[in-house]
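Using our numbering, the first residue of the sequence shown is number 619, and each one after it goes up by one.
Using N, Cα and C, we set each Cβ at its ideal position, and we do this for glycine too.
Here the structure is a predicted model, which means the values were calculated and not measured.
What follows is a set of notes on a single structure, which appears directly below.
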Amino acid sequence: MFKIFKDFDWLIFLPIVILGGFSLSLLASSGEKFLFPQFLFFSFGFFLFLLFSQIDWQIYKSLAVFAYLLSIVLLVLTFFGPEVRGATRWIEILGFRWQPSELVKPLIVISLASFFSSHPPKNLKTLILGLAILAPPLFLIFRQPDLGNVIIIAGIWLGIVCVAGLPFFLGVSAAVIFPLFLPLGWFLLKSYQKVRLVSFLNPYFDPLGAGYNSIQAMIAVGSGQFLGRGLGRGPQSRLLFLPEHHTDFIFAALSEELGFIGAALAIFAYAILLWRILQVAKNIKDPLASAILLGIFSQIFLQVFINIGMNLGLVPITGITLPLLSYGGSSIISTMIALGIVVNIAKTTTKSRAIDIIPSSII
Numbered sequence: 619m620f621k622i623f624k625d626f627d628w629l630i631f632l633p634i635v636i637l638g639g640f641s642l643s644l645l646a647s648s649g650e651k652f653l654f655p656q657f658l659f660f661s662f663g664f665f666l667f668l669l670f671s672q673i674d675w676q677i678y679k680s681l682a683v684f685a686y687l688l689s690i691v692l693l694v695l696t697f698f699g700p701e702v703r704g705a706t707r708w709i710e711i712l713g714f715r716w717q718p719s720e721l722v723k724p725l726i727v728i729s730l731a732s733f734f735s736s737h738p739p740k741n742l743k744t745l746i747l748g749l750a751i752l753a754p755p756l757f758l759i760f761r762q763p764d765l766g767n768v769i770i771i772a773g774i775w776l777g778i779v780c781v782a783g784l785p786f787f788l789g790v791s792a793a794v795i796f797p798l799f800l801p802l803g804w805f806l807l808k809s810y811q812k813v814r815l816v817s818f819l820n821p822y823f824d825p826l827g828a829g830y831n832s833i834q835a836m837i838a839v840g841s842g843q844f845l846g847r848g849l850g851r852g853p854q855s856r857l858l859f860l861p862e863h864h865t866d867f868i869f870a871a872l873s874e875e876l877g878f879i880g881a882a883l884a885i886f887a888y889a890i891l892l893w894r895i896l897q898v899a900k901n902i903k904d905p906l907a908s909a910i911l912l913g914i915f916s917q918i919f920l921q922v923f924i925n926i927g928m929n930l931g932l933v934p935i936t937g938i939t940l941p942l943l944s945y946g947g948s949s950i951i952s953t954m955i956a957l958g959i960v961v962n963i964a965k966t967t968t969k970s971r972a973i974d975i976i977p978s979s980i981i
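Shown next, in the form of structure tokens:
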């Protein structure tokens, strides 16, 4: 048992403990309805974290095609699942609703990392092939509809492409051409998604409708001030002025109840987590490992940036969860699997550096 903790990466584990502690504390003040399931999710997630930290990351090269096909199957199953608020994003297993668009993120990271580590995007043909691999899962998620996770998956693709060796001229060309097609995206959006974008520019245009969530979140963040109102004492959250205070807007609830200090500590925990992933990526020389690490970094960074941004009114509301803080098993399991993979790669890096050092010390 203790062998598992040998060479354990505490810079990954401690942020998990801090963020998980915040999550359970906030949900405990909301009642047992959310606390016990979240505790089960974290327990299972921690088991998967330990499991994947022991699986040699090099095996993912041979499992890439299987991982990709499994992600497609999981996303197709959502269309046979329950419809909630006009969206079909979930499947029901063991009495819980699971969100495949969250669960498939590590699978897509492995698939894309494997492809681009074997086929660096040195030319337009390879880049188009990479887009063709991305297109099916992206389309299935868009059809649910789940615009937030479309952005995350696209960001994962971009992060992996950049670390895989995207030529400068292709990067610049894409940066110039892509914005020209953005206006066309407006016609692909659902009506409620268009309303969200408009209300983002001016939430007080419809303060009781489309702008309501954003306004209440900003009020909650501001009312916490420096030390917060105390756990369970936030009026915005506890009197239900702030909708989804346990999921999409848990950062606003955290800021209200634990103040600037609590919010800053949570952001610091994310910063340590992301810094550690980049540090491991910097020390690893294998292209597959580098691509996996940058894919996981992109996944977590974008979710944190977008979720906190929408809680502060800086980003349109997209329904993206805050990793390790928001209530929900799918997000926790996806993140814990990804971080378990990071820990395994980090252990490999530590061992390889030790091998390099030993001969020189003998000499």
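Let's see if you can read the secondary structure: which residues bound the beta strand (DSSP E) around residue i?
i: Glu-710; result: 709-711
i: Trp-893; result: Here Trp-893 belongs to no beta strand (DSSP E); instead the alpha helix (DSSP H) covers 868-901.
Leaving out the 5 sequence neighbours to the left and right, which residues in its chain are closer than 6 Å to residue i when beta-carbon positions are compared?
i: Val-722; result: Ser-689, Leu-692
i: Tyr-686; result: Ser-729
Identify every residue that forms a DSSP beta bridge with residue i.
i: Val-702; result: Ala-705
i: Trp-628; result: DSSP, once it has assigned bridges, lists no residue as partnering Trp-628.
Would you grab the beta carbon distance between residue i and residue j for me? Rounded to a whole angstrom, and I think it's under 8 Å.
i: Leu-666; j: Gly-958; result: 6 Å
i: Met-954; j: Phe-664; result: 7 Å
i: Pro-941; j: Ile-918; result: 6 Å
i: Ala-870; j: Val-839; result: 5 Å
i: Leu-872; j: Ala-881; result: 6 Å
i: Ile-769; j: Gly-913; result: Actually they do not touch by this definition, with Cβ atoms about 15 Å apart.
Output the boundary residues of the alpha helix (DSSP H) element that contains residue i.
i: Phe-919; result: 905-929
i: Phe-714; result: Careful: Phe-714 lies outside any alpha helix (DSSP H), inside the beta strand (DSSP E) at 714-716.
i: Trp-775; result: 765-783
i: Ser-832; result: 830-841
i: Pro-853; result: 853-856
i: Ser-729; result: 723-736
i: Phe-844; result: From DSSP, Phe-844 is part of no alpha helix (DSSP H); its letter is neither H nor E.
i: Pro-754; result: 742-760
i: Ser-648; result: Unbroken run through Ser-648: none, as it is neither H nor E.
i: Phe-818; result: 809-819
i: Tyr-686; result: 678-695
How should residue i be labelled, buried or exposed, when 16 other C-beta atoms within 10 angstroms of its C-beta is the threshold for buried?
i: Asn-767; result: buried
i: Asn-925; result: buried
i: Pro-700; result: exposed
i: Asn-831; result: buried
i: Leu-932; result: exposed
i: Phe-654; result: exposed
i: Gln-854; result: buried
i: Ser-952; result: buried
i: Gln-676; result: exposed
Excluding the five sequence neighbours on either side, which residues of its own chain have a C-beta within less than 7 Å of the C-beta of residue i, listed in chain order?
i: Gln-656; result: Ser-641, Leu-642, Leu-645, Tyr-945
i: Ile-673; result: Asn-962
i: Asp-974; result: For Asp-974, the predicted model reports a pLDDT of 48, less than 50, meaning its position is unreliable; a value from the coordinates is still stated below. Excluding positions up to five away in sequence, the list is empty.
i: Leu-629; result: Ile-890, Arg-894
i: Leu-896; result: Phe-915
i: Gly-773; result: Ser-916, Leu-920
i: Asp-824; result: Ser-817
i: Gly-947; result: Phe-659, Phe-714, Trp-716
i: Val-922; result: Tyr-888, Leu-940, Pro-941
i: Ser-736; result: none
Identify, in the order they occur along the chain, each residue of the same chain with its Cβ nearer than 8 Å to the Cβ of residue i, setting aside the five sequence neighbours on each side.
i: Pro-977; result: Low per-residue confidence applies at Pro-977: pLDDT is 44, beneath 50, and the placement is therefore not dependable enough to give any value.
i: Ile-879; result: Phe-844, Leu-845, Gly-846
i: Arg-707; result: Thr-696, Gly-699, Gln-717, Pro-718, Ser-719, Gln-762, Asp-764
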